[in-house]
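Below is one structure, written out as structure tokens; the observations come after it.
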Amino acid sequence: MPESTTIIEVAIPLHVETIFHYLVPERLAHLVRTGKRVLVPFGRRKLTGYIIGKAGSAKGDLREIIDILDQEPLFTARELEFLRWTAGYYLYPLGEVLKGALPAGINIESRMKSTMSADGASVNEEVLTGGKQVKTAVFLRYVGADAPTKALKGKRAHVVEFLKEAGEAPAAVLRREFGADSAMLKGLQEQGYIVGEEREVYRDPFREEVFDRDLPLHLNMAQEDALVRINAAADKGSFAPFLLHGVTGSGKTEVYLQAISHILAQGRSSLVLVPEIALTPQLVKRFKRRFTCGIAVLHSGLSDGERFDEWRRIRRGEAAIVIGARSAVFAPLERIGMIVVDEEHDASYKQSEGLRYNARDLALVRGKMEHACVLLGSATPLVTTFHAAQEGKLGYLHLPERVRGLPMPVVELIDGRGRKGETFLPEMTAALENNISQGGQALLFINRRGFATFLICGECGHVLNCPNCSVTLTYHRRKERHYCHYCEYSIPAPSLCAACQSPDITLLGRGTERVEEEARALFPTARISRMDRDTTRGRGGHARILRGLEDGTIDILIGTQMIAKGHDFPGVTLVGVVSADATLNLPDFRSAERTFQLITQVMGRAGRGDAPGRVVVQSLAPEHYAITRAVSHDFAGFYAEELEFRREAAYPPFSHLAALVFSGNSTAEVEKGGGEAARLLLKTKQELKSRVEILGPAAAPLAKIRGRYRWQILLKSALRKDLHRLLGTFRERLKLPAVVRLSIDIDPVDML
Ligand code: ADP
Ligand code: ZN
Ligand code: ZN
Numbered sequence: 000m001p002e003s004t005t006i007i008e009v010a011i012p013l014h015v016e017t018i019f020h021y022l023v024p025e026r027l028a029h030l031v032r033t034g035k036r037v038l039v040p041f042g043r044r045k046l047t048g049y050i051i052g053k054a055g056s057a058k059g060d061l062r063e064i065i066d067i068l069d070q071e072p073l074f075t076a077r078e079l080e081f082l083r084w085t086a087g088y089y090l091y092p093l094g095e096v097l098k099g100a101l102p103a104g105i106n107i108e109s110r111m112k113s114t115m116s117a118d119g120a121s122v123n124e125e126v127l128t129g130g131k132q133v134k135t136a137v138f139l140r141y142v143g144a145d146a147p148t149k150a151l152k153g154k155r156a157h158v159v160e161f162l163k164e165a166g167e168a169p170a171a172v173l174r175r176e177f178g179a180d181s182a183m184l185k186g187l188q189e190q191g192y193i194v195g196e197e198r199e200v201y202r203d204p205f206r207e208e209v210f211d212r213d214l215p216l217h218l219n220m221a222q223e224d225a226l227v228r229i230n231a232a233a234d235k236g237s238f239a240p241f242l243l244h245g246v247t248g249s250g251k252t253e254v255y256l257q258a259i260s261h262i263l264a265q266g267r268s269s270l271v272l273v274p275e276i277a278l279t280p281q282l283v284k285r286f287k288r289r290f291t292c293g294i295a296v297l298h299s300g301l302s303d304g305e306r307f308d309e310w311r312r313i314r315r316g317e318a319a320i321v322i323g324a325r326s327a328v329f330a331p332l333e334r335i336g337m338i339v340v341d342e343e344h345d346a347s348y349k350q351s352e353g354l355r356y357n358a359r360d361l362a363l364v365r366g367k368m369e370h371a372c373v374l375l376g377s378a379t380p381l382v383t384t385f386h387a388a389q390e391g392k393l394g395y396l397h398l399p400e401r402v403r404g405l406p407m408p409v410v411e412l413i414d415g416r417g418r419k420g421e422t423f424l425p426e427m428t429a430a431l432e433n434n435i436s437q438g439g440q441a442l443l444f445i446n447r448r449g450f451a452t453f454l455i456c457g458e459c460g461h462v463l464n465c466p467n468c469s470v471t472l473t474y475h476r477r478k479e480r481h482y483c484h485y486c487e488y489s490i491p492a493p494s495l496c497a498a499c500q501s502p503d504i505t506l507l508g509r510g511t512e513r514v515e516e517e518a519r520a521l522f523p524t525a526r527i528s529r530m531d532r533d534t535t536r537g538r539g540g541h542a543r544i545l546r547g548l549e550d551g552t553i554d555i556l557i558g559t560q561m562i563a564k565g566h567d568f569p570g571v572t573l574v575g576v577v578s579a580d581a582t583l584n585l586p587d588f589r590s591a592e593r594t595f596q597l598i599t600q601v602m603g604r605a606g607r608g609d610a611p612g613r614v615v616v617q618s619l620a621p622e623h624y625a626i627t628r629a630v631s632h633d634f635a636g637f638y639a640e641e642l643e644f645r646r647e648a649a650y651p652p653f654s655h656l657a658a659l660v661f662s663g664n665s666t667a668e669v670e671k672g673g674g675e676a677a678r679l680l681l682k683t684k685q686e687l688k689s690r691v692e693i694l695g696p697a698a699a700p701l702a703k704i705r706g707r708y709r710w711q712i713l714l715k716s717a718l719r720k721d722l723h724r725l726l727g728t729f730r731e732r733l734k735l736p737a738v739v740r741l742s743i744d745i746d747p748v749d750m751l
């Protein structure tokens, strides 16, 4: 092998951990750069891989790459370092991590296509598909300075006059405004009045134009203190993580905006992560009003084309601010000076399948690599975050009061025990009546969608369950069907028990649909709306409902946790929590924390305007600390109590967790696979003299989802390092039957 031969390391998106080595033929050698994609032979297939580095030498017979697919690298060296860290930490193949970090539209898939050759033989040919098209548009420009425009009449004259004035315009605009068809535009070009040019354009996911500007607000003392500390850290240019703990309505967003302004002035960029943008159109608007720089938006509601375009704008440095949901933590943004994680407690930062990353945690990792400030903002930070702040691992910034001296809402806790049959207890009805008569808006929260949560037979006790999942079916009245909320299954509402044919069947439990129906019966003249997954399907569904709150055409909005998230509607004077207990009874060590956060967040939607806010909470567990602490706005008390529980049970922050979930179509195989894995873990643990605690295997609380049986093993460790060491060795040795799948969840958030 000649000295000059280039060998590259290639990560391939396959479920293998290995990095592959390939030779680069002479003709391609000058194009090799880390971060570009390559087409490589793999077995008998051709696959797309990513160049992750050059290798000095490699053993064995190496094959040559077929082609280099990009002109410019898709990843910078620093991004690659971050993605490698991610792959290592979450024990996920690097090739898959790299592929997942790219917008779906960019990924090129190759497949075999059979074609007929000239002599009639069938030939298998490789074709590359995917790779979103760059969108272009024709722009027309006035050039006919000397041509006599007087000779033109009608539409043609209007078009030329307009272009003379405006300089240039896209053909689509001329078509819309003047009815100029392509024949007319072609004619004008031939006559020398105008010239056309085809140019690349971006699809714009933010349809709403923003014209009005918004100036920085005069900060109150607490905001000012926070900003001073953040700016001081930003000026040092080293990694500085903060918890911005501010009660609901304390002006956290204003602090983000001004801190980002400082970062932009340094010529650095900012990444803003939010739980789900579709839920917070207000926030994007606020950024657009404040900043004139390029702002890119990334979230799950974008089409592949829009996402591809936003990605390219960012890659080219045309956006200094990126606002996005969890996957935006991988945005190709350079020179990052600030990463904001808004509502850092939100569980949607965790990806629940595939690469099970947590964007909140990765924000800290990426911030460290970028020497950036990281702001974790919340009114209800995670118990683990608050603990880290107490330990001095995060700077603690506190906004203890609402802006403009607005009071926290007044809260009443209503004991629902013994009155289970009623959706609205008399206190709640009276509060709603009163609120309507005063012209205020109300939010009603219930954490379940649908009408009734289950159907039970009074004769034999049979409950209507999903055949594919271990959950009950939820009745949806509008559709007259029972639905599974985990899979696609649904059936028409039966009139007899499926087990004993008795007609004595009863719907129990309530969801948003039922609350809506009862509210309409109680308040026939009120304008009532509902916001949950069923009413917000389709693009702009959330925004439409939220606009109703904004322009005062909704008196009562009923909804799931969607209504709890970060909205700022000054007209909301009453928040009613119809039921807060559903989350409390889940077999998950975070159930108290979740309940506390949820209630505090919904309560926080009340009284953000000039009229004071009122909250009514109905509960069947009115003595539970999650509820009593929430209704008395007692964060410190809740955290102290919750931390005590975590310490005793050795849950995070006093341990690190990993969940191993085994799943398959055969319960016996899954149980057997889980058992063998547990024995191997135990053996490996003894060999390594590891102190990791192994719990299980046991059937998962949700023992079956989508027809797959699930068993799990939970690993608990005081040190992260021990956990990874044990899992690393275990994975190398593990041989599971093909019918059993293992997914490893590092720092699991959902324990069901
Ligand atoms: P949070 O994110 O903490 O819930 P926001 O940042 O949304 O709070 O602020 C709540 C409201 O208060 C917004 O309408 C915002 O414009 C306003 N606000 C924020 N800071 C100030 C301030 N210093 N003075 C007056 N109003 C403010
Ligand atoms: Zn029955
Ligand atoms: Zn199901």
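Numbering that gives the first Met the number 0 numbers the first residue of the sequence shown as 0 and each following residue consecutively.
Using N, Cα and C, we set each Cβ at its ideal position, and we do this for glycine too.
Endpoints, the alpha helix (DSSP H) within which residue i is located
i	result
Thr383	382-389
Pro274	First-last for Pro274: undefined, no H or E at that position.
Thr728	719-732
Ser181	181-189
Arg646	634-648
First through last residue of the beta strand (DSSP E) which encompasses residue i
i	result
His475	473-475
Ser377	372-377
Met337	335-341
Arg707	707-716
Leu242	239-245
His157	That residue, His157, is in no beta strand (DSSP E); its alpha helix (DSSP H) goes 153-165.
Leu98	According to the sequence displayed, residue 98 carries Lys and not Leu. Where Lys98 is concerned, there is no enclosing beta strand (DSSP E), although the alpha helix (DSSP H) it sits in stretches over 93-100.
Glu199	193-199
Straight-line Cα distance separating residue j from residue i
i	j	result
Lys392	Pro240	8 Å
Ser618	Arg709	32 Å
Arg312	Met337	19 Å
Arg477	Glu352	31 Å
Gly672	Val15	20 Å
Asn123	Arg306	Reliability of the predicted coordinates at Asn123 is poor, the pLDDT of 49 falling under 50, and no value is obtained from them.
Arg325	Gly178	43 Å
Val172	Tyr485	46 Å
Cys499	Val748	40 Å
Glu369	Ile262	13 Å
Ala327	Pro169	31 Å
Val743	Thr252	With the sequence shown as reference, residue 743 is identified as Ile, and Val is not the correct amino acid for it. Each residue's alpha carbon lies about 35 Å from the other.
Gly250	Ile67	49 Å
Pro700	Leu381	23 Å
Where residue i falls, given that 16 or more other Cβ within 10 Å makes a residue buried
i	result
Ser753	Residue 753 is absent from the structure shown; the chain starts at 0 and stops at 751.
Ala225	buried
Ser56	exposed
Lys734	exposed
Gln600	buried
Cys372	buried
Arg447	buried
Asn664	exposed
Leu97	buried
Cys468	buried
Met220	exposed
Residue i versus the options, residue with shortest Cα-Cα distance
i	options	result
Val200	Phe81, Glu317, Asp341	Glu317
His461	Leu443, Cys496, Leu218	Cys496
Leu751	Arg267, Thr252, Phe286, Phe588	Phe588
Arg175	Val158, Leu187, Pro491, Lys163	Val158
Ile105	Asp721, Trp310, Leu405	Trp310
Val339	Tyr348, Glu390, Ser269	Ser269
Leu694	Lys349, Leu656, Gly143, Thr683	Leu656
Cys292	Arg212, Gly248, Asp60	Arg212
Met407	Gly612, Glu592, Arg228, Leu583	Gly612
Ala605	Leu556, Asn230, Ala639, Cys459	Leu556
Checklist line | 4 or more residues per run - each alpha helix (DSSP H) lying fully within the stretch 510-558 | finding: Runs of the alpha helix (DSSP H) inside the stretch 510-558: 511-521, 540-549.
Checklist line | Runs of alpha helix (DSSP H) wholly within the stretch 436-490 (minimum 4 residues, chain order) | finding: None, since the stretch 436-490 contains no complete alpha helix (DSSP H) of that length.
Next item on the list: Kindly provide the chain-ordered list of residues whose Cβ lies closer than 5 Å to any non-hydrogen atom of ligand 4.
Entry: No copy of ligand 4 occurs in the structure displayed; its ligands are ligand 1, ligand 2 and ligand 3 alone.
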